[in-house]
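Notes to accompany the following structure.
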Amino acid sequence: MSRRDTSSIALDAAMSPRIVRSSVLPVIQQQVSTLEPSLARVCRYHLGFADKHGDSSVGAGGKLTRAGLMMAAADGFGLKPEDLLAPAAAVELLHNATLIHDDIIDADELRRGRPAAWKAFGTSLAILAGNALQALALRMVVDDSGPGHEEIVSTFTEAMCLVHAGQARELAFQPDPGSGVAEYERIVAEKNSALLEISLGTPAVRAGNRENALAALRSAGRHLVLQRHSCSGEWVAAASVMGESGLVLSASSESGPGPDMVGPVVTGEDEGDEQAADLG
């Protein structure tokens, strides 16, 4: 059996939404518990760990797309999920911070089928909660002393800057009849691809591959965003069968997976339009 075949089979079994959730969600919960109580309450609510009154609830965490991509890419480099738990949880914290802030900016009152954090707790506290999730994410990668530590910290901080810059450009965007659509897609791709790039690129850094594979995986992150925005909200790429809820990535060679090895698949339960929007 080829390496690609064995890798795909292993990933089918290991990188299911259930496995990713059971690995990453406890780490996220532990980190959120360290926050000031009022901020922790908002974050636990937004993440689905609790209702507005602080009582535990089910269905937490969203789809964990970025953590799933990171763990799938890690397998292509011979890494184990535990080698990337901290950055996988951190990228999900960053993503959820952007969701809290996006809901405020866009005045979206619903998130995952219930009132958005700002609607439930007020705008000021929601802004602080989003900021707190960003701080937690950065603390996690700073404290994680595995291989490639400095470069991983650098890529996370750069991604945070790109997300904020992209959001600012989106707010300032003025449609132009000639190039409006193309320019808007560029802005959105720049904003949304940053976290996907670190999801796919971090395993390459941790594995010590800072050249071809790293560049290819970051390119794949950008490609996924562009594909999604041009294909009616579906993740589309060339070679593998993947899913919006469960992610599979086939490793093409000993040097790790290439950009054509990343694609969409539906392997979990449909979680609804709000969570589909979380992928962007």
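According to UniProt numbering, the stretch in the sequence shown is residues 1 to 280, in order. Positions of the beta carbon are idealized from the N, C-alpha and C atoms, including for glycine.
Nearest to residue i by CA position, among the options, is which residue?
i	options	result
Ile-105	His-223, Ala-172 and Ile-198	Ala-172
Val-20	Ala-40, Asp-75, Gly-180 and Ser-57	Asp-75
Leu-85	Lys-191, His-164, Leu-25 and Val-42	Leu-25
Glu-190	Leu-224, Leu-128 and Val-58	Leu-224
Arg-41	Arg-18, Leu-128 and Gly-201	Leu-128
Pro-17	Ser-57, Gly-146, Lys-63 and Leu-39	Lys-63
Ala-97	Gln-167, Val-58 and Ser-57	Gln-167
Ile-152	Arg-218, Gly-201 and Ser-57	Gly-201
Asn-192	Ala-107, Met-160 and Gly-180	Met-160
Pro-203	Gly-146, Cys-43, Val-27 and Asp-108	Gly-146
Just the C-alpha distance for residue i and residue j, rounded to the nearest angstrom, thanks.
i	j	result
Pro-175	Leu-162	21 Å
Ala-277	His-149	Low local confidence applies: a pLDDT of 41 at Ala-277 is under 50, so the model's placement there is unreliable, with the coordinate-based value given in what follows. For Ala-277 and His-149, the distance between alpha carbons rounds to 31 Å.
Ser-23	Glu-82	8 Å
Tyr-45	Gln-29	11 Å
Ala-182	His-95	24 Å
Ala-72	Gly-113	28 Å
Ser-199	Asp-55	31 Å
Leu-69	Ala-194	13 Å
Ala-137	Ala-67	13 Å
Leu-93	Thr-65	12 Å
Lys-80	Leu-47	25 Å
Gln-31	Pro-177	46 Å
Pro-257	Val-205	Low confidence applies here, because Pro-257 scores a pLDDT of 42, under 50, leaving its location unreliable; read the following figure in that light. Near 13 Å, if we compare the C-alpha coordinates of Val-205 and Pro-257.
Gly-180	Ser-57	43 Å
Arg-186	Ala-220	16 Å
His-164	Tyr-184	15 Å
residue 281	Arg-218	An answer regarding residue 281 cannot be provided, because it is not within the stretch 1 to 280 covered by the chain.
Leu-39	Val-188	29 Å
Asp-108	Cys-43	17 Å
Is the beta carbon of residue i sitting closer than 9 Å to the one on residue j?
i	j	result
Ala-116	Leu-110	yes
Leu-196	Arg-169	no
Phe-77	Ala-207	yes
Between which two residues does the alpha helix (DSSP H) containing residue i stretch?
i	result
Ser-145	From DSSP, Ser-145 is part of no alpha helix (DSSP H); its letter is neither H nor E.
Ser-33	Where Ser-33 is concerned, there is no enclosing alpha helix (DSSP H), given that its DSSP letter is neither H nor E.
Phe-121	117 to 121
Gly-180	180 to 206
Glu-109	Premise fails: Glu-109 is in no alpha helix (DSSP H) and is neither H nor E.
Gly-68	65 to 76
residue 284	The chain is shown only over 1 to 280; residue 284 falls outside these bounds and no answer can be derived.
Review point. Would you call the region 115 to 127 and the region 80 to 96 in contact, with 3 or more CB pairs under 8 Å?
Key: no
Point to revise | At least 3 beta-carbon pairs within less than 8 Å: the region 99 to 117 vs the region 137 to 157 | key: no
Review point. With contact counted as at least three CB pairs below 8 Å, one residue from each stretch, are the region 132 to 141 and the region 35 to 44 in contact?
Key: yes
Exercise for review: Examine the Cβ distances between the region 48 to 68 and the region 137 to 147 and report whether three or more of them are shorter than 8 Å.
Suggested key: no
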